[in-house]
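J.: Under this note's numbering, the residues of the sequence shown are numbered 12 to 239, in order.
No residue lacks a Cβ here, since even glycine has one placed at the ideal position from N, Cα and C.
Here it is, the structure, as structure tokens.
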Amino acid sequence: MSYYTALINAWNTGTVPSGYVGTALTGLTTANKLIAINGWTITGVVPTSIQFTGNQLANCIDKTEFNALSWNNQQNILGLCQITGNLAGGSANTELLPVGMILTYFTASATITSGTYNNATGVVTLTMSGSIGFGVGGNVTVAGLTGTGAFASLDGIFAAISPTSGTTVTYNAGAGLGASTITGGYLVPPTITNLTALAQGTVTPWWQNNGYSSPFTMNDLAAAGGLT
């Protein structure tokens, strides 16, 4: 019965869960409730489980980051990208081969130690705690910034505006946001940022994002205690 806890709670509540889109269950027949709950979806989050192809994986990899890998790791990644069929991804699959390899081979995040913001030009210059490198135009996620002034406006996903290597990262957050100083935060480099965006762009059913392996059937309603 505990397996169906999320289903039971959603069924009894009757409303579409926060963040999801679809039809509320109130006033529907049992059959139509089943159709409605199987139709609830969400986008904009990293789902528990998704499927992606080797081509999609390859298109997320930043070339400069790839070039920095050892030859063996490059071959491993290329082999992964050439697999026919779908690869497992999502927050519940970080220990499986596709996601695990990416998190192992590519920098997942790097700590920001300080930074400056030019209010006239919009250019942000970050100093990192260690070396990091990727190409011009590579999208990076900047998050958790601390400091003074309008530093919170400098969080987000931005394209690097100059070749990035060593401990310096620059991007343009837009002019006129207000005087700011940056004292901390973290940065996620392009490959991980791109894969996260791919996952967030996936339309995920409510049942899948709550750990269920398939849409619900009448048999599931009976097993959950006879939901009607």
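Can you find the residues in the same chain that come closer than 6 Å, C-beta to C-beta, to P54, ignoring five residues on each side of it along the sequence?
T.: Numbered from its first residue, the sequence shown carries residue 54 at position 43. Per the sequence presented here, residue 54 reads as Thr, with Pro not at that position. Cβ within range, chain order: V214.
J.: Given T136, which residues of its chain have a CB within under 7 Å of its CB, disregarding the five upstream and five downstream residues?
T.: On the sequence shown, residue 136 is found 125 positions in, with the first residue counted as 1. Excluding residues within five positions, the ones whose Cβ falls inside 7 Å are G126, T127, T179, T181.
J.: Between L238 and the rest of its own chain, which residues show a CB-CB distance below 6 Å, the 5 nearest in sequence each way excluded?
T.: Indexing the sequence shown from 1 puts residue 238 at position 227. Correct list, in chain order: W22, L232.
J.: For a test of the three-state rule: what should DSSP assign to I94, helix, strand or coil?
T.: Translated into positions along the sequence shown, residue 94 becomes position 83. Coil, per DSSP.
J.: How big is the Cα-Cα spacing for T192 and L156?
T.: Taking the sequence shown and counting its residues from 1, one reaches residue 192 at position 181. Taking the sequence shown and counting its residues from 1, one reaches residue 156 at position 145. Near 10 Å, if we compare the C-alpha coordinates of L156 and T192.
J.: Relative to the C-alpha of G189, which candidate in S140, T132, G222 has its C-alpha closest?
T.: Counted from its first residue, the sequence shown places residue 189 at position 178. Looking at the Cα atoms, T132 is the closest of the given residues.
J.: Could you tell me the alpha carbon to alpha carbon distance between D243 and F145, rounded to whole angstroms?
T.: With the chain covering only 12 through 239, there is no way to say anything about residue 243.
J.: For L89, count the other beta carbons within 10 Å of its own beta carbon; 16 or more makes it buried, fewer makes it exposed. Which is it?
T.: By one-based count along the sequence shown, residue 89 stands at place 78. Burial call: exposed.
J.: In terms of DSSP beta bridges, what is I123 paired with?
T.: The residue labelled residue 123 in the question sits at position 112 within the sequence shown. Answer by DSSP bridge pairing, in chain order: M139, G196.
J.: Residues in its own chain within less than 8 Å of A47 by CB, not counting five upstream and five downstream?
T.: Start at 1 with the first residue of the sequence shown, and residue 47 comes out as number 36. Answer for A47: G33, T34, A35, L36, L39, listed in chain order.
J.: For N97, which residues from the same chain have a beta carbon less than 8 Å from its beta carbon, with the 5 sequence-adjacent residues on both sides left out?
T.: Along the sequence shown, read from residue 1 onward, the residue named residue 97 stands at position 86. Closer than 8 Å at Cβ, skipping near neighbours: Q62, F63, T64.
J.: Could you tell me how far apart the beta carbons of P200 and I123 are, in whole angstroms, since I believe they sit closer than 8 Å?
T.: Reading the sequence shown from its first residue, position 189 is the one you call residue 200. Reading the sequence shown from its first residue, position 112 is the one you call residue 123. So it is not a contact: roughly 12 Å between Cβ atoms.
J.: Tell me where the beta strand (DSSP E) around Y116 begins and ends.
T.: Stepping through the sequence shown from its first residue, residue 116 is reached at position 105. No beta strand (DSSP E) holds Y116; the alpha helix (DSSP H) holding it covers 108-116.
J.: F169: which of T24, P226, N130, N205 sits nearest, CA to CA?
T.: The residue labelled residue 169 in the question sits at position 158 within the sequence shown. The candidate whose alpha carbon is nearest that of F169 is N205.
J.: Going by alpha carbons, who is nearest to V134 out of G187, A69, T228?
T.: Numbered from its first residue, the sequence shown carries residue 134 at position 123. Of the listed residues, the one whose Cα sits closest to V134 is G187.
J.: Using only alpha-carbon positions, find the residue among V57, Q93, P58, N49 that is nearest to A69.
T.: One-based indexing of the sequence shown puts residue 69 at position 58. Of the listed residues, the one whose Cα sits closest to A69 is Q93.
J.: Within the continuous beta strand (DSSP E) that includes T152, where are the two ends?
T.: Counting from 1 along the sequence shown, the entry for residue 152 is found at position 141. First-last of the beta strand (DSSP E) with T152: 150-160.
J.: Determine the extent of the beta strand (DSSP E) in which A35 is found, giving its start and end residues.
T.: Residue mapping note: residue 35 aligns to position 24 of the sequence shown, counting from 1. No beta strand (DSSP E) holds A35; DSSP gives it neither H nor E.
J.: Starting from I203, trace the alpha helix (DSSP H) in both directions and tell me its first and last residue.
T.: Locating residue 203 in the sequence shown gives position 192, where the first residue counts as 1. Unbroken alpha helix (DSSP H) run through I203: 201-211.
J.: What residue ranges within the segment 38-83 form continuous alpha helix (DSSP H) runs of no fewer than 4 residues, ordered along the chain?
T.: As far as the segment 38-83 is concerned, its whole alpha helix (DSSP H) runs of at least 4 residues are 41-50, 65-71, 74-78.
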